[in-house]
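Engineer: Protein chains in written order, with the numbering used here: chain A, 1 to 232; chain B, 1001 to 1232. Just so you know, even glycine gets a beta-carbon here, dropped at the ideal spot from N, CA and C. So that we are looking at the same thing, I have put the structure below in structure tokens.
There are 2 protein chains.
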Amino acid sequence: MTDDSSVESIYKRAILSIIPEGKIRDYDLIKPFTEICQFLAENPHLLSWRGRQKPDLRSVDSLKGLANKFVNGFKRSDFPREPNTVPDNMVSVVMEHAYGLSSAQCDDIKLTHQRSMCAENCVGNLLERYIDSVMTDHGWTWCCGDFVRAIDFIHKTPDGWEALQIKNRDNSENSSSSAIRNNTTIQKWFRTYSKTGKTNWDKLPETMQNKGLSEDGFEMFVADYLLNNKPS
Amino acid sequence: MTDDSSVESIYKRAILSIIPEGKIRDYDLIKPFTEICQFLAENPHLLSWRGRQKPDLRSVDSLKGLANKFVNGFKRSDFPREPNTVPDNMVSVVMEHAYGLSSAQCDDIKLTHQRSMCAENCVGNLLERYIDSVMTDHGWTWCCGDFVRAIDFIHKTPDGWEALQIKNRDNSENSSSSAIRNNTTIQKWFRTYSKTGKTNWDKLPETMQNKGLSEDGFEMFVADYLLNNKPS
């Protein structure tokens, strides 16, 4: 059997095995990874894993897979890519007939539509990064790496865990959410109303409010991120 | 207990109760609805129903709900609607910074992107209508109305049922498919390759081949449908 301090050291050894030695700044990843492992140890049904064998949270070797996903998710660039699919020509046929557009207009639209889709993905990804950038100093942990089921942020409180699932729009599909331990449910928040375009920052969970998150802050974060992460 | 001929009369009475009297052309809907009911009676796990109580396939009253969905699906207009949501302004922010577009260009793109999404839905819907328009005379039945799980077309053969799920692109999400009776699985087909733009008509199930389905035929069907179903 292992006591609390020794499981924590297992989590730390797993994440340290992934971070290249000497990269001091990467040590910021140790605390959130350890926090997520604690949460999963208490809520094992929320570990999302498609592989053959579910990682054993008490084994350093077994945890390396999760640590890898976590670090890769964190370091991944969310700068929008150029589209890598070929547009469906029949969509242009429909637009010509339904909206009275010319064939040349439809050709332009093909590309800008694909770029819009890439940009939409980017907004969703940067929304998580922005919230993390502000809330990491207020006890919230970003569950990046896609291995916590239906949860994007967690927050340990004296009474247990807060868990939050976020979406960019009210009409994005929600992952079906499961209860977390002690009957606590997963809170949900979306940034924008699709019918009005209004934003929803004042409806964040109470413990996230008045910490500086706002639409203006998000826009500055986005502009800044794209400036600093332009592919060379 | 009911024998085969009497269950068939139950299916007929259910669909006839939905079709307004005297509408002779609507009588074309009786045969496919009856066929779908037979298929579901043999494969009850493929009946998809979100309501409280699953329809009882042996009761006319209970079947009226399915008949209603079937007729509504068939008569629904698939002409693309004008978008009814407000675009997310942050998508434009990303496009300006990532692709170097002007604010005015992004404003145009907002609308055309929304129209593209409506047109994409339209292509998917008309693909089913087109295949039905050709294959209905060759023993295939369109499962319209969204109450057969993960199946778009069925075909009764002396050896049992063929079932087909179709998608417009190879990268569209597939519904998870279940086996149908006698170990027959659900065949899958997609119209276009997203990486190359090539079409896939020559990979249709054998019993659909050489019946006149083609990309040119689809384009003519689309143009014709949109011309004849323009909202007034």
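Using a 10 Å radius around the Cβ and a threshold of 16 neighbouring Cβ atoms, would you call A:I18 buried or exposed?
Structural biologist: With 16 or more Cβ atoms within 10 Å of its Cβ, A:I18 is classed as buried.
Engineer: Report buried or exposed for A:W49, applying the criterion of at least 16 other Cβ atoms within 10 angstroms of its Cβ.
Structural biologist: Looking at its Cβ environment, which holds fewer than 16 other Cβ atoms inside 10 Å, A:W49 is exposed.
Engineer: Less than 8 Å between CB atoms is the rule here; does A:S116 satisfy it with respect to chain B?
Structural biologist: Taking Cβ atoms only, chain B reaches closer than 8 Å to A:S116, which makes this a yes.
Engineer: Going by beta-carbon coordinates alone, are B:F1190 and B:I1166 separated by less than 8 Å?
Structural biologist: The answer is yes: Cβ separation under 8 Å.
Engineer: With 16 other CB atoms within 10 Å as the buried threshold, where does A:L234 fall?
Structural biologist: Outside the displayed range of chain A (1 to 232) lies residue 234 of chain A, so it cannot be described from this structure.
Engineer: Measuring only the C-alpha atoms, how far is A:E215 from A:W142?
Structural biologist: Going from the Cα of A:E215 to the Cα of A:W142 covers about 19 Å.
Engineer: DSSP puts A:E154 in a beta bridge; with which residues?
Structural biologist: What sits at residue 154 of chain A in the sequence shown is Ile, not Glu. Looking at the DSSP assignment, A:I154 forms a beta bridge with A:T141, A:A163.
Engineer: Just to make sure I have the definition right: I need the residues of chain B whose C-beta is within less than 9 Å of the C-beta of A:K195. Which are they?
Structural biologist: In chain order: N1084, T1085, V1086.
Engineer: Mind pulling the alpha helix (DSSP H) runs of 4 or more residues that sit fully within the region 1065-1150 of chain B?
Structural biologist: 1089-1099, 1103-1135, all fully within the region 1065-1150 of chain B.
Engineer: Helix, strand or coil for B:W1201 per DSSP?
Structural biologist: Helix, per DSSP.
Engineer: Would you list, in chain order, the members of the region 199-219 of chain A that have their beta-carbon closer than 8 Å to a beta-carbon of chain B?
Structural biologist: Hits within the stretch, in order: F218, E219.
Engineer: Alpha carbon to alpha carbon, what distance is there between A:S62 and A:I10?
Structural biologist: Those two C-alpha atoms are separated by around 10 Å.
Engineer: By Cβ distance below 6 Å, which residues in the same chain neighbour B:K1188 in space, the five residues on each side in sequence not counted?
Structural biologist: Cβ neighbours of B:K1188 beyond the five flanking positions: Q1165.
Engineer: Any beta carbon of chain B sitting closer than 8 Å to that of A:F221?
Structural biologist: Taking Cβ atoms only, chain B never reaches closer than 8 Å to A:F221, which makes this a no.
Engineer: Short of 7 Å in beta carbon distance, which residues of its chain neighbour A:V123, apart from the five on each side in sequence? Order them along the chain.
Structural biologist: Around A:V123: N168.
Engineer: For the region 126-148 of chain A, which residues have a beta carbon sitting closer than 7 Å to at least one beta carbon of chain B?
Structural biologist: Answer set for the region 126-148 of chain A: empty.
Engineer: Would you list the one or two residues that DSSP bridges to B:T1184?
Structural biologist: DSSP lists no partner for B:T1184.
Engineer: Report the partner residues of A:R169 according to the DSSP bridge assignment.
Structural biologist: Bridge partners of A:R169: A:T192.
Engineer: Quick check on this structure: which residue in B:N1182, B:V1093, B:T1199 has the alpha carbon closest to the alpha carbon of B:G1217?
Structural biologist: Checking every option, the nearest Cα to that of B:G1217 belongs to B:T1199.
Engineer: Applying the criterion that 16 or more other CB atoms from any shown protein chain within 10 Å of the CB defines a buried residue, is A:R238 buried or exposed?
Structural biologist: Outside the modelled stretch of chain A, which goes from 1 to 232, sits residue 238 of chain A, for which no answer is possible.
Engineer: Taking 8 Å as the CB-CB cut-off, is A:R76 touching chain C?
Structural biologist: Absent from the structure: chain C. Protein chains present are A and B.
Engineer: Report the option in A:R129, A:V91, A:I131, A:A41 whose CA atom is closest to the CA atom of B:A1119.
Structural biologist: Closest by alpha carbon: A:V91.
Engineer: Would you mind reading off the limits of the alpha helix (DSSP H) that contains A:M220?
Structural biologist: From DSSP, the alpha helix (DSSP H) with A:M220 extends over 215-228.
Engineer: Among the residues of its own chain, which have a CB less than 7 Å from the CB of A:F39, if the five just before and after it don't count?
Structural biologist: So the qualifying residues of the chain are I154, W161.
Engineer: Taking only three categories from DSSP, how would you classify A:L289?
Structural biologist: This structure does not reach residue 289 of chain A, given that chain A is present from 1 up to 232, and the question cannot be answered.
Engineer: Return the CA-CA distance between B:T1112 and A:P83, expressed in angstroms with no decimal places.
Structural biologist: Each residue's alpha carbon lies about 17 Å from the other.
Engineer: The alpha helix (DSSP H) spanning A:I19 covers which residue range?
Structural biologist: Neither: A:I19 is in no alpha helix (DSSP H) and is coded neither H nor E.
Engineer: Report yes or no: is there a C-beta of chain B within less than 8 Å of the C-beta of A:F190?
Structural biologist: Cβ-Cβ to chain B under 8 Å: no for A:F190.
Engineer: Return the chain-ordered list of same chain residues with a C-beta closer than 7 Å to the C-beta of B:V1071, the five sequence neighbours on each side being excluded.
Structural biologist: Closer than 7 Å at Cβ, skipping near neighbours: I1018, I1019, L1029.
Engineer: May I have the straight-line CA-CA distance separating B:I1131 from B:E1219, to the nearest angstrom?
Structural biologist: If I take the Cα positions, the gap works out to 12 Å.
Engineer: Sorted by chain position, which residues of the same chain lie with C-beta nearer than 8 Å to B:K1230's C-beta, five sequence neighbours on each side aside?
Structural biologist: Taken in chain order, the residues that qualify are F1079.
Engineer: Nearest-angstrom Cα distance between A:W201 and A:L213?
Structural biologist: About 7 Å.
Engineer: Across which residues does DSSP place B:L1029 in a beta bridge pair?
Structural biologist: The partner list for B:L1029 (beta bridge, DSSP) is empty, contrary to what the question assumes.
Engineer: Could you tell me how far apart the beta carbons of B:R1052 and B:V1007 are, in whole angstroms, since I believe they sit closer than 8 Å?
Structural biologist: The Cβ separation is near 24 Å, so there is no contact.
Engineer: Have a look at B:I1109 and A:D107 and give me their C-alpha separation to the nearest angstrom.
Structural biologist: Distance between the alpha carbons of B:I1109 and A:D107: 13 Å.
Engineer: Nearest-angstrom Cα distance between B:V1093 and A:D137?
Structural biologist: Answer to the nearest angstrom: the Cα atoms are 27 Å apart.
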